[in-house]
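To start, the structure under review is shown below, and the notes come after it.
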Amino acid sequence: MPFGFLYAGMDYAVHAQFGEHLNWGMEWKRLINIIPTIYILNIMTLWSPPPIPTQLLQFLLAVLSLGTGSSLIKLTTTESYLAVMRKAPALGVLWVWSVVRLDLAWALGALGGVLAIVKWRGDKGVPWIS
644 MPFGFLYAGM DYAVHAQFGE HLNWGMEWKR LINIIPTIYI LNIMTLWSPP PIPTQLLQFL
704 LAVLSLGTGS SLIKLTTTES YLAVMRKAPA LGVLWVWSVV RLDLAWALGA LGGVLAIVKW
764 RGDKGVPWIS
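644 is the number of the first residue of the sequence shown in this note's numbering; add one for each residue after it.
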């Protein structure tokens, strides 16, 4: 449930950033759609004993972190505000979730990988990367 609240907070923050009104009825529908997904992902990663080897799970979570992190940064720096409002909260929650589920060394590697991808792509509008 905490990641559902994170999703709602990110959705609210994105709407507030662009000065758009957030319809709470639609927000509840979005939450009802994303909470089962987060729940299933949590069950898959917290299963005991793990259904797949731990190192493979860490690798898959790192790949998810690389994909969602670099996609979120590209989305927020290059796309229209409507695309950002529609996609950023879900991408942000998946990115945070994947980093939280990673062991520390894997998480630092994945975050460094996102930095490397963004730097390699030469994304404009990312002043902290220059």
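Here a beta-carbon is modelled for each residue, glycine too, at the ideal position from N, C-alpha and C.
Note on geometry: alpha-carbon atoms of A733 and D746 lie some 22 Å from one another.
If one requires a minimum length of 4 residues, the alpha helix (DSSP H) runs lying completely within the region 677–730 are 697–721, in chain order. Pairing T720 with G768 gives a Cβ-Cβ distance under 7 Å. Around S741, the same chain offers L704, L707, S708 as residues with beta carbons nearer than 6 Å, after the five sequence neighbours per side are excluded.
Distance check between F702 and each of N685, M669, D766, W749 places W749 closest, using alpha-carbon atoms only. T688 is classed as buried because its beta carbon has at least 16 other beta carbons within 10 Å across all chains shown. With 16 or more neighbouring CB atoms inside 10 Å of its own CB, Y650 falls in the buried class.
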